[in-house]
Structures are given as C-alpha cells and as structure tokens.
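Here is the structure we will look at.
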Amino acid sequence: MVLSFGMMVCDTLLRPVDRDVLSRDCTMIEKPVQACGGDALNTAIGLSRLGIPAVMAGRVGDDLNGRFILDQCRKLGIDVSHVVTDPVYATASSFALIEENGERHFLSDVSIFDQVDDRDLPEKAIERADMVYIGSACSFSRMNQGGLARLLRRAKAHGRMTVMDAAFNQRSVCNCWMNMFKEVLPYTDVFFPSYEEASAITGCREIPEISSALKPMGLTYFGIKLGSKGCYVTDFSEERYIECPKGIRAVDTTGAGDSFMAGLMAGLVSGLSFFESAGFGCSVASHSVQHMWAAGGILPYEDELYLYNHHKNQK
634 MVLSFGMMVC DTLLRPVDRD VLSRDCTMIE KPVQACGGDA LNTAIGLSRL GIPAVMAGRV
694 GDDLNGRFIL DQCRKLGIDV SHVVTDPVYA TASSFALIEE NGERHFLSDV SIFDQVDDRD
754 LPEKAIERAD MVYIGSACSF SRMNQGGLAR LLRRAKAHGR MTVMDAAFNQ RSVCNCWMNM
814 FKEVLPYTDV FFPSYEEASA ITGCREIPEI SSALKPMGLT YFGIKLGSKG CYVTDFSEER
874 YIECPKGIRA VDTTGAGDSF MAGLMAGLVS GLSFFESAGF GCSVASHSVQ HMWAAGGILP
934 YEDELYLYNH HKNQK
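Next comes the structure, spelled out in structure tokens:
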C-alpha cells in the first residue's frame, strides 16, 4: 500500500477560451468539467487505476469542492480516512482556461497549502503503509520549516520506503532550496524531480552536475523527469537515460509527471528494479497523455506491464 501525502486540488476545466476573453462581456463555452487535481492526488488516482492500494493524506476545506474530491476518491477505492478537513480555509481550487489548441492558463487559490503540517499525518497511517510518497516537497511553507524532515524521519523509523517529488508552484519561493533538502534527503530513498526543479534546487544546469551535487546527501536512488524525452536515473554507481515509447500522440499532458510517479511506485512495490520501474513509469505516462485529464488513460497493472514489455522488446 502506498501513502500519498501532498496537494489536493479541485479543478474546473473551461473551454474553449481564447485570448480575447477579457475584451468581451460574454463568451460562450462548453459545459464546465470538474476534476481532481494536485500532484499527490493525481498520483494516488494513478496508483488506484493500476490496482495498487492507495491512501491519500492532505487537506481539503469543509465545502463543496472538498466533498467532491473525497467522493471521487472513494469511488476509486482510495482511502481518505487521513485527509484533514480544514474548518476555515477553502479547498485548493483551480480554473483551467483552455484554448482551442489545448494551451491552458490557470486561475488558482491554494491558500490552504499554508496550513498543511506534518502533524496532519498520524502515526498509524505511516505504520500501515509499505511506501510513503511526498508529492509536494516545495509547496507547503510549514513543511519547508522542518515538517518535511520530521515526516520522513518518522517514515524511516518504521522502516518504510520513502519516495519524493519536488512539485514547485508559483508560491514556491526560496533562495536556498539546498539547505532544506540537506535535511530531508538522508531520509529519502527515491527523489525524482523534474529537470527544472532539480536545476533550481542545486543551481546546476547539466544533469551530471545535478547528480553529483545530490550524491553526498544519502539518497539511494535519484532520477530526473525529462518530459517527452523520458528520464534520467541513477543509483550513484550506474546511470541510464530511459526514453519514452515511440509513436505516442499526446492529447493532454496534464499530470504526465504524476502518472510517471504512479508507474514508478507501482513497479517498485510489485518487485521491479528501480531502473525497470522508471521505464515502466515512462510507459504508463505515455499512455496517460493519450487521454484527457490526469491519469485518465492508465490501465490495470498487468495490462500496463504487458505494454511496457511490448515497447521494450520493440527497441
């Protein structure tokens, strides 16, 4: 079972919205679509679609958006018993303005993120998990002031595998991310940010330099998501660049990185090696982007494994 801790967002998708929308009194759009969002929540949904038991932890408000998220999670079989309902702050919400060409622009309220705290996660939730995933390492101000290190130390004290993504957003302002990561990476088994996040954290531009900067910090495995190019992975004795399957026509790249993380962790808990799990994650993400919405195209684990092996054998 994977415990996913981090952002939970209620997205409202509006289309088609062109760049002249503010010059008109009224614009006709299609029926708005409400969907779950936020990296940790997207990843939990991806794990559930793969058939991996998932527990979600984070914060929602005592409002319609929060109840929508919890209801959707329950329908997917995701355990939400450890989600905190905030009596004051509204559920994080985002309005996606989608152009005809698919380009998106977001209007967001995520003030509830400032209330997220490591004490939101009870000890029994960690004890029950096989793996603890931190989906939003750079997005919560309280967690960045010692809470993240405390949470990861608790997970390692119980012998749990720990996996972390960085997840920057526009509120992620810090002049020295490395100081925080020096405190948390010794308790992290797998760290897998995007290239932009890894570069901002280390101050390095080249992948070998990024890897070298993080090597002394106690990580077991490190990877960098490279979008459509696949990913870079290392156990600090071997390194590989893993490509995505060829011939993929992306329809919607929303949450592609979250689908990758779901595939990576599904592989790890199912007995694949780290390198195999990273390849499996690339394969899962490539199927997800062929459908609308985050994690929308993910199939059950055995089906995804068949497709992964099929892609691998074609190389």
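Each residue of the sequence shown is one higher than the one before, starting from 634 at the first, in the working numbering. Glycine residues also receive a C-beta, built at the ideal position from the N, C-alpha and C atoms. Just so you know, these numbers come straight off a predicted model, no measurement behind them.
Neighbourhood of residue i by C-beta distance below 6 angstroms, restricted to the same chain and skipping five residues each side
| i | result |
| --- | --- |
| Gly-671 | Met-640, Met-641 and Val-642 |
| Asp-751 | Gly-780, Arg-783 and Leu-784 |
| Ser-910 | Leu-897, Gly-900 and Leu-901 |
| Gly-914 | Phe-893, Gly-896 and Leu-897 |
| Pro-686 | Met-634 |
| Ala-1009 | Any answer about residue 1009 is impossible in this case: the structure gives the chain only from 634 up to 948. |
| Glu-733 | Pro-649 |
| Gly-684 | Pro-933 and Tyr-934 |
| Glu-937 | Val-917 |
| Asp-747 | Ser-774 |
| Glu-585 | What is shown of the chain runs 634 to 948, which leaves residue 585 out entirely. |
Contacting residues, own chain, Cβ-Cβ under 7 angstroms from residue i (five flanking each side not counted)
| i | result |
| --- | --- |
| Val-666 | Leu-646 |
| Ser-861 | Cys-877 |
| Leu-905 | Phe-913 |
CA-to-CA distance, residue j to residue i, given in whole angstroms
| i | j | result |
| --- | --- | --- |
| Ala-889 | Arg-657 | 34 angstroms |
| Ser-919 | Ala-729 | 22 angstroms |
| Val-823 | Leu-852 | 7 angstroms |
| Ile-843 | Ser-832 | 7 angstroms |
| Ser-714 | Phe-814 | 29 angstroms |
| Glu-876 | Ser-921 | 16 angstroms |
| Gly-679 | Ile-931 | 7 angstroms |
| Arg-682 | Trp-810 | 33 angstroms |
| Glu-736 | Gly-836 | 29 angstroms |
| Ile-702 | Arg-793 | 27 angstroms |
| Arg-838 | Ile-767 | 24 angstroms |
| Cys-864 | Asp-653 | 37 angstroms |
| Gly-763 | Ser-903 | The sequence given here places Asp at residue 763; Gly does not occur at that position. If I take the Cα positions, the gap works out to 11 angstroms. |
| His-944 | Lys-879 | 8 angstroms |
| Tyr-874 | Leu-709 | 33 angstroms |
| Leu-990 | Ala-790 | Outside the displayed span of the chain (634 to 948) sits residue 990, for which this structure offers no information. |
| Ala-673 | Thr-821 | 17 angstroms |
| Arg-707 | Pro-819 | 34 angstroms |
| Ser-870 | Pro-849 | 13 angstroms |
| Met-776 | Val-796 | 16 angstroms |
| Met-661 | Asp-651 | 11 angstroms |
| Val-721 | Asp-695 | 8 angstroms |
| Val-717 | Ala-846 | 36 angstroms |
| Ala-690 | Asp-719 | 13 angstroms |
| Thr-867 | Arg-761 | 29 angstroms |
| Ser-744 | Arg-787 | 26 angstroms |
| Cys-659 | Asp-644 | 22 angstroms |
| Glu-756 | Ser-637 | 14 angstroms |
Beta-bridge pairing of residue i - partner residues as DSSP gives them
| i | result |
| --- | --- |
| Ala-831 | DSSP lists no partner for Ala-831. |
| Cys-809 | In DSSP, Cys-809 forms no bridge with anything. |
| Asp-712 | Val-688 |
| Leu-740 | Phe-728 |
| Ser-643 | Per the sequence shown, the amino acid found at residue 643 is Cys instead of Ser. According to DSSP, Cys-643 bridges with Cys-669 and Ser-726. |
| Arg-873 | Val-866 |
| Gly-856 | Val-866 |
| Ile-767 | Phe-638 and Met-797 |
Residue range of the beta strand (DSSP E) that includes residue i
| i | result |
| --- | --- |
| Ser-845 | First-last for Ser-845: 840-847, but that is the alpha helix (DSSP H), not the beta strand (DSSP E). |
| Arg-652 | Counting along the chain, Arg-652 falls outside any beta strand (DSSP E), and DSSP gives it neither H nor E. |
| Leu-636 | 635-638 |
| Asp-719 | 717-719 |
Start and end residues, alpha helix (DSSP H) containing residue i
| i | result |
| --- | --- |
| Val-902 | 889-902 |
| Gly-679 | 672-683 |
| Val-917 | 907-921 |
| Ile-759 | 756-761 |
| Arg-882 | Premise fails: Arg-882 is in no alpha helix (DSSP H) and is neither H nor E. |
| Leu-785 | 780-790 |
Near the ligand MG: residue i beta-carbon under 7 angstroms from a heavy atom
| i | result |
| --- | --- |
| Thr-821 | Of ligands this structure carries none, so the ligand MG is not represented either. |
Legend entry - Sufficient close CB pairs (3 or more, under 8 angstroms) joining the stretch 738-751 to the stretch 716-729: Using a Cβ-Cβ distance cut-off of 8 angstroms, the stretch 738-751 and the stretch 716-729 are in contact, since at least three pairs of beta carbons, one from each stretch, lie closer than that value.
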